[in-house]
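Residues 313 to 516 (our numbering) are what the sequence shown spells out, left to right.
Each residue gets a CB set at the ideal place from its N, CA and C atoms; glycine is no exception.
What follows is one structure encoded as structure tokens, with my remarks underneath.
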Amino acid sequence: MIFIQTLVETSRNFTYLIGDEKTRLAAAVDPAGAVDRILKLAEDHGLKIIYIINTHSHSDHTAGSRELASATNAKIIMHAKAGATKHLPVEDGDVISVGELKIKVIYTPGHSPDGISLLVEDKLLTGDTLFVGECGRTDLPRGSSEELYNSLFGKLVKLDDELEVYPGHDYGDKPNSKLGYEKAHNYTLKPRSQDEFVRFMAED
Ligand SMILES: [Fe+2]
Numbered sequence: 313m314i315f316i317q318t319l320v321e322t323s324r325n326f327t328y329l330i331g332d333e334k335t336r337l338a339a340a341v342d343p344a345g346a347v348d349r350i351l352k353l354a355e356d357h358g359l360k361i362i363y364i365i366n367t368h369s370h371s372d373h374t375a376g377s378r379e380l381a382s383a384t385n386a387k388i389i390m391h392a393k394a395g396a397t398k399h400l401p402v403e404d405g406d407v408i409s410v411g412e413l414k415i416k417v418i419y420t421p422g423h424s425p426d427g428i429s430l431l432v433e434d435k436l437l438t439g440d441t442l443f444v445g446e447c448g449r450t451d452l453p454r455g456s457s458e459e460l461y462n463s464l465f466g467k468l469v470k471l472d473d474e475l476e477v478y479p480g481h482d483y484g485d486k487p488n489s490k491l492g493y494e495k496a497h498n499y500t501l502k503p504r505s506q507d508e509f510v511r512f513m514a515e516d
């Protein structure tokens with residue numbers, strides 16, 4: 313797998329390019345306005361972008377999706393609940409095939425109702441659900457601490473500790489982390505009941 317994480321400095325968004333070495337097909341995740349940079353990376357690595365996957369519909373992530381789609385003929389993939397432009401809606405458990413790569417969709421609402429995380433080989437892209445050392449905020453319109461709790465504690469923390477976490481923003485002391493490390497050190501992942509978590513998020 314070709315896996316490239318790039319920081320968009322202005323918004324501290326991470327954008328990703330995930331390519332299949334064999335077929336040279338690729339998916340761009342959260343373009344974050346960095347269309348020229350993504351096109352250049354794809355060209356440098358001999359990759360053809362066939363999908364643009366947005367982890368949720370907040371504009372700092374989706375920016376440039378349509379421009380990138382017109383430049384590449386790629387299809388925009390988002391969760392079925394997303395209101396923004398999408399060509400292919402996905403739901404929890406769906407698998408996106410990029411050449412021989414399989415990208416599994418995990419529905420992780422809470423920061424927004426259309427949030428998804430993506431699991432590909434040993435990498436977990438967590439969008440704005442989980443950051444290095446932090447979790448997504450739930451005080452934006454349509455955010456829900458109850459749902460974020462279920463996404464974090466019901467889904468993500470149950471995955472393999474060895475997975476590498478690749479978040480939607482550079483909010484931590486390093487650009488990526490191991491899930492097991494986050495479970496042990498991320499203060500938002502301390503064991504809590506859902507009620508305790510909701511109160512904790514309200515205080516924060
Ligand atoms: Fe967001």
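- Burial is judged here by how many other beta carbons sit within 10 angstroms of a residue's own beta carbon; L452 has fewer than 16 and is exposed.
- For ligand 1, the residues with a Cβ under 5 Å from any of its heavy atoms are, in chain order, H370, D440.
- The residue among G448, S456, K334 with its C-alpha nearest the C-alpha of N498 is G448.
- Distance from the CA of L400 to the CA of M390, rounded to the nearest whole angstrom, comes to 7 Å.
- In this chain, the alpha helix (DSSP H) harbouring T374 covers 371-374.
- CA-CA distance, Q317 to L430, rounds to 14 Å.
- Boundaries of the beta strand (DSSP E) harbouring K435: 435-439, taken from the DSSP string.
- Look at K470 here: in three-state DSSP terms it is helix.
- Put simply, the segment 403-412 does not touch the segment 453-463. Fewer than three CB pairs are less than 8 Å apart.
- Restricting attention to alpha helix (DSSP H) runs no shorter than 4 residues, the segment 408-466 encloses them at 457-466, ordered along the chain.
- Of the residues assessed, T322 falls on the exposed side of the cut-off, its CB having fewer than 16 other CB atoms within 10 angstroms.
- Contact annotation, G480 with D426: C-beta distance approximately 13 Å; criterion of less than 8 Å not satisfied.
- If you look at G492, you'll find it in the alpha helix (DSSP H) that goes 491-497.
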